[in-house]
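Take a look at the structure set out below.
Protein chains: 6
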Amino acid sequence: MATLLNNASAPYFFLILSLTTIILSFSPSHSSDPDPLQDFCVADLNSAILVNGFPCKPASKVNSKDFISYVLAKEGNTSNVFKSAITNANVQAFPGLNTLGISMNRVDLAPGGIFPPHSHPRSTEAGVVIIGEVLVGFVSSSNVLYSNVVKAGDMFVIPRGLVHFILNKGHGKALTISAFNSQGQVSSVVPNILFGSKPTIPNEVLTKTFQVSESVIKSIKSKFAS
Amino acid sequence: MATLLNNASAPYFFLILSLTTIILSFSPSHSSDPDPLQDFCVADLNSAILVNGFPCKPASKVNSKDFISYVLAKEGNTSNVFKSAITNANVQAFPGLNTLGISMNRVDLAPGGIFPPHSHPRSTEAGVVIIGEVLVGFVSSSNVLYSNVVKAGDMFVIPRGLVHFILNKGHGKALTISAFNSQGQVSSVVPNILFGSKPTIPNEVLTKTFQVSESVIKSIKSKFAS
Amino acid sequence: MATLLNNASAPYFFLILSLTTIILSFSPSHSSDPDPLQDFCVADLNSAILVNGFPCKPASKVNSKDFISYVLAKEGNTSNVFKSAITNANVQAFPGLNTLGISMNRVDLAPGGIFPPHSHPRSTEAGVVIIGEVLVGFVSSSNVLYSNVVKAGDMFVIPRGLVHFILNKGHGKALTISAFNSQGQVSSVVPNILFGSKPTIPNEVLTKTFQVSESVIKSIKSKFAS
Amino acid sequence: MATLLNNASAPYFFLILSLTTIILSFSPSHSSDPDPLQDFCVADLNSAILVNGFPCKPASKVNSKDFISYVLAKEGNTSNVFKSAITNANVQAFPGLNTLGISMNRVDLAPGGIFPPHSHPRSTEAGVVIIGEVLVGFVSSSNVLYSNVVKAGDMFVIPRGLVHFILNKGHGKALTISAFNSQGQVSSVVPNILFGSKPTIPNEVLTKTFQVSESVIKSIKSKFAS
Amino acid sequence: MATLLNNASAPYFFLILSLTTIILSFSPSHSSDPDPLQDFCVADLNSAILVNGFPCKPASKVNSKDFISYVLAKEGNTSNVFKSAITNANVQAFPGLNTLGISMNRVDLAPGGIFPPHSHPRSTEAGVVIIGEVLVGFVSSSNVLYSNVVKAGDMFVIPRGLVHFILNKGHGKALTISAFNSQGQVSSVVPNILFGSKPTIPNEVLTKTFQVSESVIKSIKSKFAS
Amino acid sequence: MATLLNNASAPYFFLILSLTTIILSFSPSHSSDPDPLQDFCVADLNSAILVNGFPCKPASKVNSKDFISYVLAKEGNTSNVFKSAITNANVQAFPGLNTLGISMNRVDLAPGGIFPPHSHPRSTEAGVVIIGEVLVGFVSSSNVLYSNVVKAGDMFVIPRGLVHFILNKGHGKALTISAFNSQGQVSSVVPNILFGSKPTIPNEVLTKTFQVSESVIKSIKSKFAS
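Chains as they are written, first to last, in the UniProt record's numbering: chain B, 1 to 226; chain A, 1 to 226; chain Y, 1 to 226; chain P, 1 to 226; chain V, 1 to 226; chain G, 1 to 226.
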């Protein structure tokens with residue numbers, strides 16, 4: 001696959017149109033949003049008034065460009081501890097999605113890369129593998145792991161709110177495109193949330209949670225300190 | 001692009017894993033479905049009881065394979081009047097989507113191909129162009145056309161229920177992957193609905209609708225008769 | 001029926017209280033809106049802030065008159081190409097409907113008049129024929145036409161988002177009153193959307209859609225140019 | 001108005017197509033139902049399985065007649081204590097409404113008749129007066145009464161779940177047609193619920209509620225005993 | 001139970017942390033609200049803009065204290081005609097609940113006290129008896145009374161929108177804690193709504209409703225005049 | 001507080017009516033469920049047909065006892081690694097909650113006990129502390145920890161889908177009663193899901209997730225093996 005990405009046909013392909021660096025912000029996710037009450041309501045991200053979702057731009061300022069987004073065309077920068085990058089096309093990045101109840105993201109995974117266990121608090125995820133081969137797993141609330149190796153062209157689904165992960169199992173890069181049934185997708189990434197929050201979760205909570213000594217907790221926290 | 005599809009790197013790419021023929025059934029689409037009431041409810045497509053959506057398979061028969069689908073990996077057969085093919089990954093094709101409020105489809109367009117004006121009665125569509133370059137347009141209920149040329153890697157959105165079309169504007173094949181915020185996506189394709197329904201719509205309705213003579217209506221009907 | 005409308009008992013009847021001209025704006029329709037979060041939220045149609053739906057007037061300015069509307073009492077002007085008139089009592093016309101998830105319209109049809117094929121992007125329609133006799137038909141996404149001749153006093157239903165039409169089949173005027181499960185009902189009227197949009201849909205799209213020559217498309221467009 | 005109903009033009013009008021007696025069952029009402037997951041799901045009222053709403057008839061048994069109803073054409077029998085009659089066109093009476101989130105009713109009021117204070121537990125009501133002149137009032141949860149005299153052709157709205165009443169204020173019969181944003185509309189009629197339930201509400205509850213003696217309670221109960 | 005409340009261990013118990021007087025405002029209640037579109041949206045109760053629900057405080061002003069409320073800790077003042085007190089922890093009292101679709105209340109009942117028949121226009125209620133023993137009853141829209149004596153530790157449920165009451169059946173005080181599936185819970189209390197509204201409901205409506213003489217109506221009204 | 005639980009007045013109090021052992025099943029949780037379509041639909045837990053939620057018992061078999069539950073009256077058995085017990089009153093335990101969109105649970109915490117980090121995939125939680133003093137914390141998807149010490153009588157809220165924990169900070173037992181805006185509440189408990197699932201999550205996933213050696217992962221897994 002690395003071969004493909006470097007060969008002559010690559011320029012025709014969108015994945016590497018540019019190697020723009022994407023800030024690693026773990027925040028894909030979604031839900032069944034309130035129904036739209038008009039044809040569209042393009043988000044005014046700078047409104048002084050904040051509501052459930054976003055206020056709309058005046059209709060007179062809406063044009064065709066509000067319904068197209070270029071953010072998914074750029075490969076994310078995977079030079080980080082997880083060797084992965086999440087690029088969100090949610091309402092914050094693509095204001096035309098406001099009130100429409102859908103969003104997308106792309107996940108780039110370097111060889112060996114992982115999108116560690118996380119959940120989307122308010123939506124289901126359906127994804128397609130575009131490049132490579134990944135292990136996708138989710139755990140039900142009854143503690144049953146459901147997992148599949150998903151190859152390019154195949155589709156997977158993660159039920160709303162369940163913890164799941166994506167691991168690159170191939171020899172080259174991997175790329176997935178996922179959709180979420182909420183415009184305001186976010187992710188709760190387990191290691192960041194438990195060991196890298198501000199302020200930090202008390203060690204007493206974490207030692208009791210994982211049944212380990214405080215030194216183990218401190219060691220993990222040191223890797224996720226921000 | 002045709003070059004890419006025929007060259008040596010193609011086998012790595014999912015689009016042409018096989019050139020299986022897909023029956024041209026115009027039926028992508030969607031909505032904000034009722035929320036799920038359990039982790040999952042894999043559809044029992046053969047249940048004797050029919051409900052809003054589908055009944056569930058017993059949990060004891062659910063396994064990891066219920067959450068993966070291979071239908072999007074196959075290129076559709078575009079040998080038809082519209083030179084396009086729609087392949088649905090909705091709950092009928094991917095039962096694991098049941099109750100989860102999301103689905104996908106792929107649209108293959110031969111050079112010059114079109115997915116003619118249609119609407120999804122119950123959902124918004126968000127799509128990504130994977131190969132090629134298409135003209136995507138929708139018309140608001142105020143009769144304003146919003147359209148964009150969308151290139152590989154870029155994303156578009158079609159608000160719920162609005163009439164829209166996709167036209168291949170490139171020199172080679174085009175491929176889009178779209179997501180819908182309803183598991184049971186269907187399409188109402190304008191020419192088929194108006195001129196190819198069973199039974200047919202009375203000519204009086206159509207002549208008055210389009211302000212044309214009956215001979216024009218009969219001529220169009222002859223092309224969509226089934 | 002024309003007799004009834006002109007006879008002495010007519011003054012008791014609301015249909016012709018006045019022959020006010022209603023601008024022909026094709027825009028009935030709707031959906032399952034977000035639930036209300038307070039007893040009522042009368043729309044402030046002039047708010048500087050736009051949201052999904054409308055902001056509310058201050059409670060101190062709400063009085064009984066906010067919950068009554070007179071717009072449906074006026075017969076519409078059917079002097080137009082379709083010999084029909086649509087009068088909406090949606091939230092724009094009746095601000096008290098805001099957040100309440102319901103609206104109405106009236107459709108007046110002169111003899112031979114039609115409300116041409118259209119869809120309501122976000123709601124189901126249930127209607128009652130008040131005067132006359134109409135042919136009501138809708139086409140499912142499987143291209144099956146369901147139609148009935150509906151007489152005064154009888155009720156029909158059009159599932160959400162499906163294309164449908166109403167044709168006056170009687171010798172006199174016809175009148176229907178419909179309800180929609182969304183306060184912000186609008187209509188996407190097929191001939192206007194396809195042939196009368198601003199900007200216009202490219203002829204290439206329409207010739208491929210209807211499999212006709214460009215001259216036919218130009219001819220139809222000339223009748224819907226605005 | 002009684003004159004109109006008996007005069008020569010009446011046969012053209014649906015209200016008295018037949019003077020069929022309608023059993024006085026106080027049960028109009030509504031809500032924002034779960035969204036439909038298919039084009040339609042005509043209720044199977046005799047299914048052995050009961051679900052939220054109703055299971056669907058097989059698609060092969062659905063035809064055009066499932067989408068029309070004749071129940072609203074018949075005038076109700078107002079020979080009862082309230083001099084009024086409610087005729088419901090909800091999913092039980094019109095199975096084609098199932099999953100579609102809308103229903104209707106008609107209220108016939110003899111001179112002096114009343115539809116006493118009641119609420120619709122799960123929906124908003126929007127109504128049109130077809131004949132006569134009525135006083136429509138509802139009380140907010142803050143105990144404010146909003147009321148209007150509504151004449152033929154005019155429209156009113158009752159926010160979801162609020163207690164309201166309709167009183168015939170004219171000299172003749174009155175008729176209203178209302179719509180509800182739920183297919184399974186029902187009514188909770190205050191006098192019947194408080195004084196005519198089975199089993200009866202303990203007198204202690206009612207004397208404390210209305211701050212009256214037990215004899216007053218017993219007297220009222222005697223009028224609503226069933 | 002009164003003993004418990006007066007004994008030495010009582011100070012450890014929250015019920016009487018303070019005997020603050022709570023204004024008797026009958027307004028608990030609820031519904032299935034629109035889904036949240038972000039992690040949280042703490043209500044800005046003083047916003048100049050009013051929407052369905054409340055606008056949000058800026059995220060920069062949100063802190064941990066927004067997610068805790070002390071209002072339920074205070075016993076209500078039951079020195080009133082019903083010998084009961086309702087203390088609401090809805091979004092107006094606890095702004096952190098905004099957009100989250102849940103709220104609570106506490107009902108204090110002196111010996112013999114009653115929370116008279118009322119309904120929550122937009123939500124279901126689930127409650128737990130904390131102290132004492134109460135009779136909880138609701139009446140279905142088919143006029144069937146369902147009632148139970150509910151003791152400390154036991155739970156009851158009242159379906160959305162149905163009329164219900166709570167009567168203290170024990171010898172001491174009673175306390176219930178209820179939850180509602182709407183952040184903006186309110187109550188429509190039957191005696192207050194029918195006999196204490198502003199303006200008042202016409203006597204004609206009430207005499208016809210309860211089939212009593214005007215003097216009985218006037219007598220009841222005199223007790224609920226505000 | 002331990003004093004209260006052991007003293008003479010305790011028998012009057014529900015918390016220790018009996019020290020029944022409750023199986024430690026971590027599964028509280030919730031969401032905004034589809035609206036009810038009838039007054040009630042008491043779950044038939046043994047139906048051969050499975051749907052989104054549960055089918056209903058026939059109305060003829062429903063009686064008052066369907067709307068009361070005794071499960072919350074029993075203290076849970078906290079003799080386990082977390083020194084805590086969760087007792088659910090969701091639709092599985094209290095079938096009358098079916099379709100009504102609400103449920104409850106009780107959490108018993110021995111001194112030092114914890115309900116470890118978990119999320120409710122489909123609902124918001126609002127809770128009241130009945131006995132004791134607990135630390136309640138949740139982490140937003142932006143990795144911000146919001147936490148409060150919550151004392152008896154006080155209320156807290158946890159936004160839908162976010163990871164949170166409850167730690168007993170007092171010297172005696174603690175008890176909380178929580179409500180959820182979904183009838184089918186479940187919990188995804190982080191340590192159980194990540195280290196105790198069946199089958200287990202591959203060590204490669206967990207070492208990369210927490211940036212620790214495989215021996216640490218194996219050690220934690222050994223404590224959660226089932």
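The beta carbon of each residue, even a glycine, is placed where N, CA and C say it ideally should be.
What you are looking at is a predicted structure, and each value in this text was computed from that prediction instead of being measured.
For residue i, is the classification buried or exposed, using 16 other Cβ atoms within 10 angstroms of its Cβ as the cut-off for buried?
i: residue 225(A); result: exposed
i: residue 34(Y); result: buried
i: residue 189(A); result: buried
i: residue 80(G); result: exposed
i: residue 63(Y); result: exposed
i: residue 197(G); result: buried
i: residue 214(A); result: exposed
What's the gap between the Cα of residue i and the Cα of residue j?
i: residue 86(A); j: residue 99(G); result: 36 Å
i: residue 72(G); j: residue 65(G); result: 15 Å
i: residue 227(Y); j: residue 59(P); result: Shown here, chain Y extends from 1 to 226; a query on residue 227(Y) therefore has no answer.
i: residue 70(V); j: residue 155(G); result: 6 Å
i: residue 204(Y); j: residue 216(Y); result: 12 Å
i: residue 223(V); j: residue 159(V); result: 30 Å
i: residue 49(P); j: residue 57(G); result: 9 Å
i: residue 26(Y); j: residue 96(P); result: Note that residue 26(Y) has pLDDT 26, beneath the 50 cutoff, so the model's placement of it is unreliable and the number below is only indicative. Each residue's alpha carbon lies about 26 Å from the other.
i: residue 61(G); j: residue 44(G); result: 11 Å
i: residue 36(A); j: residue 218(P); result: 48 Å
i: residue 144(Y); j: residue 221(Y); result: 28 Å
As a quick exercise: from the options, pick the residue whose alpha carbon is nearest that of residue i.
i: residue 193(B); options: 146(G), 101(G) and 134(G); result: 146(G)
i: residue 125(A); options: 58(A), 166(A), 72(A) and 141(A); result: 166(A)
i: residue 114(P); options: 216(V), 207(V), 219(V) and 51(V); result: 207(V)
i: residue 202(G); options: 104(B), 168(B), 201(B) and 81(B); result: 168(B)
i: residue 137(G); options: 123(G), 116(G), 93(G) and 38(G); result: 116(G)
i: residue 173(Y); options: 56(Y), 57(Y), 84(Y) and 139(Y); result: 84(Y)
Considering just the uninterrupted stretch of the beta strand (DSSP E) at residue i, what are its terminal residues?
i: residue 116(G); result: 114 to 119
i: residue 163(A); result: 163 to 168
i: residue 150(B); result: 145 to 151
i: residue 87(V); result: 84 to 89
How about residue i and residue j: do their beta carbons lie closer than 8 Å?
i: residue 128(G); j: residue 176(G); result: yes
i: residue 134(A); j: residue 109(A); result: yes
i: residue 191(V); j: residue 210(P); result: yes
i: residue 41(B); j: residue 46(Y); result: no
i: residue 179(Y); j: residue 104(Y); result: yes
i: residue 185(V); j: residue 118(V); result: no
i: residue 54(B); j: residue 157(A); result: no
i: residue 101(P); j: residue 182(P); result: yes
i: residue 139(A); j: residue 163(A); result: yes
The alpha helix (DSSP H) that contains residue i, what's its start and end?
i: residue 130(V); result: Looking at the DSSP string, residue 130(V) is not in any alpha helix (DSSP H); the run it does join, the beta strand (DSSP E), is 125 to 131.
What I want to know is whether the C-beta of residue i ends up closer than 7 Å to one or more non-hydrogen atoms of the ligand SAM.
i: residue 192(A); result: The ligand SAM is absent from the structure shown, which contains no ligands of any kind.
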